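Chemist: Here it is, the structure in full.
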Amino acid sequence: MHSSTDLSSRVTEGDAESAADRPTTSFLSLPTWTVEDVRHSRGSATGVRTYFVRARYESRPTGCPTCGGVLVGHGRRMRRIADMPHAGQPVVIEWQRQRYRCQPCGRTIAQSCPDVDERRRMTRRLRVHVERTAAREAFVSVAEDVGLSEACVRAVFRDYASRQLAEPYTPQAPVRLGIDEVYVNAKPRAIFVDLDTGRVIELLETRRQAAIARTLVALRERERVQVVTIDLHSPYRNAVRAALPMAKVVADRFHVAQLATKAVNRARIELSATLPLAQRRDLERHRSLFWRRADRLTESERILLLPSWFASLPALRIAYELGQQLLAVYDATGPEDARNRLDAWYAAATSVSATVPGFETLLATVRNWETEILNFFETDGASNAVTEAANRQLRDLERIGRGYRFASLRAKALLREPRRPRLRHRRPSLSHPRRCG
Ligand SMILES: [Zn+2]
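Position one of the sequence shown corresponds to residue 1363 (the numbering used here), numbered consecutively onward.
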């Protein structure tokens, strides 16, 4: 392969279009390094097109670390160091590492360099890049992007996680906390999210109350927490009441809506048992009619389809209207309006709950969570929407990284920079007085 000693030359051939994109001398953008040559070719070990950068680090030690004696040059030895990818392709620095010999004591030493992580045989900036990207992407895809082995990426991330998440792990308490569940490796786990930043604070293996409480107690300055949104899961509520007695607990509105949906679905299935099979299947196909908000239906769905189903199943209309009425509690203009809407719903549901399958259970659940449902209107509309976003990312992660150990997934969740800071969405409303706290 052709190489050049002319420092003002550009990257040598390879393919013409990517060759001339950066002058050789500044290729690394690392001060105190001198680039002698850049080759762009297929790596013999990896088979991937790679930039090979022959370079020297231009800083010499002041004296022998053992005796302080004067050092003289003792030749160079090449060491390959992985660096940040360039134009989407891996970079390998062929470090022409200077060796020295101490004149008084005869010891030989190799040059050391703060830009290089000796143990990982990569630049420090690459290590930091791997740490960050491995938190949000599959190890294997990070490995491909930077030209390292998957095992190496995994090891770098494991080191990083054990430094960052060393026990005892005591994260800072957020002002508004979301606790939700997420399925990881086919089991429900509790996830804790800062609702204002979207940052995952903790991911637990279980949803057990004792584990939840331990996490809450471990929060630094936990008296800061003003609002906790949770799904309708009693162990969450019990743990929050015990550990954060000052915080307002809010039932997450999406989980309340889900309750209404489930009840309407269940009623539809039980009521349709009397219908002929073909009609039952037809109804199954139309199931979303009955839990979508009425204003999201098309005109023909609203005027033709719904009424035709209600004609054959009158009790389904009752279930439908109760479902819609519960969803409409969230249209309330304030706490008082919400209270009135909920009371009206109780009255309606109580009078018919015996005739609509499943609605007695729904009624009992809503009563059981009444305070937390109404707290939504006392807290400027706190919800787990951010948590849901974090959950989606985590599920993606699980899909691409099947076979990760739980500890790896937890570390990825905790060390990932949040993508969509809640603050950005909230800014327009900051001028309004907060109702909570
Ligand atoms: Zn010496």
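Beta carbons are placed, not taken as given, at the ideal position from N, Cα and C, and that holds for glycine.
As the structure is a prediction and not an experimental result, all values here were calculated from the model.
Compute every distance between the C-beta of residue 1431 and the non-hydrogen atoms of ligand 1, then say whether any falls below 7 Å.
Modeler: At least one heavy atom of ligand 1 is nearer than 7 Å to the Cβ of residue 1431, so yes.
Chemist: Which residue's Cα is closest to the Cα of residue 1590: 1582, 1603, 1405?
Modeler: The candidate whose alpha carbon is nearest that of residue 1590 is 1603.
Chemist: Provide the residue(s) that pair with residue 1540 in DSSP beta bridges, ordered along the chain.
Modeler: Answer is 1555, 1591.
Chemist: Which one of 1431, 1454, 1622, 1420 has the shortest CA to CA distance from residue 1403?
Modeler: Of 1431, 1454, 1622, 1420, the residue nearest in Cα terms is 1454.
Chemist: Exposed or buried, which one is residue 1720 when buried takes at least 16 other CB atoms within 10 Å?
Modeler: It counts as buried.
Chemist: Hey, quick one: how far does the alpha helix (DSSP H) through residue 1618 stretch, first residue to last?
Modeler: Run containing residue 1618: 1615-1633, per the alpha helix (DSSP H) assignment.
Chemist: The alpha helix (DSSP H) that contains residue 1419, what's its start and end?
Modeler: No alpha helix (DSSP H) contains residue 1419, which is instead part of the beta strand (DSSP E) from 1411-1419.
Chemist: Verify whether the separation of the beta carbon atoms of residue 1411 and residue 1451 is less than 8 Å.
Modeler: In contact: residue 1411 and residue 1451 (Cβ atoms closer than 8 Å).
Chemist: Any contact between the segment 1512-1528 and the segment 1555-1562? By contact I mean 3 or more CB pairs, one from each, below 8 Å.
Modeler: No, the segment 1512-1528 is not in contact with the segment 1555-1562.
Chemist: Based on Cα-Cα distance, which residue from 1710, 1698, 1522 lies nearest to residue 1737?
Modeler: It is 1698.
Chemist: Is there at least one non-hydrogen atom of ligand 1 closer than 7 Å to the beta-carbon of residue 1422?
Modeler: No, Cβ of residue 1422 sits at least 7 Å from all heavy atoms of ligand 1.
Chemist: Taking 7 Å as the line, does the beta carbon of residue 1475 fall inside it for any heavy atom of ligand 1?
Modeler: No; taking the cut-off as 7 Å, the Cβ of residue 1475 has no heavy atom of ligand 1 nearer than that.
Chemist: Does DSSP classify residue 1402 as helix, strand or coil?
Modeler: Residue state, collapsed to three classes: strand.
Chemist: Contact defined as beta carbons within less than 8 Å: I believe residue 1419 pairs with residue 1457. What is the distance between those atoms, to the nearest angstrom?
Modeler: Right, their Cβ atoms sit about 7 Å apart.
Chemist: Using a Cβ-Cβ cutoff of less than 7 Å, which residues in the same chain neighbour residue 1619 once the five nearest sequence positions on both sides are dropped?
Modeler: So the list reads 1689, once near-sequence residues are dropped.
Chemist: Could you round the C-beta distance between residue 1433 and residue 1462 to whole angstroms and report it? I think they count as a contact, below 8 Å.
Modeler: Correct: roughly 4 Å between the Cβ atoms.
Chemist: So, at 8 Å on beta carbons, what are the nonlocal neighbours of residue 1651 in its own chain, with the 5 sequence-adjacent residues on each side left out?
Modeler: Taken in chain order, the residues that qualify are 1659, 1663, 1667, 1668, 1671.
Chemist: In angstroms, rounded to a whole number, what distance separates the CA positions of residue 1708 and residue 1725?
Modeler: Taking the straight line from one Cα to the other gives about 7 Å.
Chemist: Just mark residue 1610 as buried or exposed, buried being the case when its beta carbon has 16 or more other beta carbons within 10 Å.
Modeler: Looking at its Cβ environment, which holds 16 or more other Cβ atoms inside 10 Å, residue 1610 is buried.
Chemist: What's the gap between the Cα of residue 1393 and the Cα of residue 1474?
Modeler: Roughly 15 Å separates the two Cα atoms.
Chemist: Near residue 1627, what residues of its chain come up, given a Cβ to Cβ distance below 8 Å and the 5 sequence neighbours on each side ignored?
Modeler: The answer, listed in chain order, is 1649, 1652, 1653.
Chemist: By Cβ distance below 6 Å, which residues in the same chain neighbour residue 1436 in space, the five residues on each side in sequence not counted?
Modeler: Only 1461, 1462, 1463, 1470 meet the Cβ criterion.
Chemist: What's the call for residue 1426, buried or exposed, on a 16-neighbour Cβ count within 10 Å?
Modeler: Classification of residue 1426: buried, given that the 10 Å Cβ count is 16 or more.
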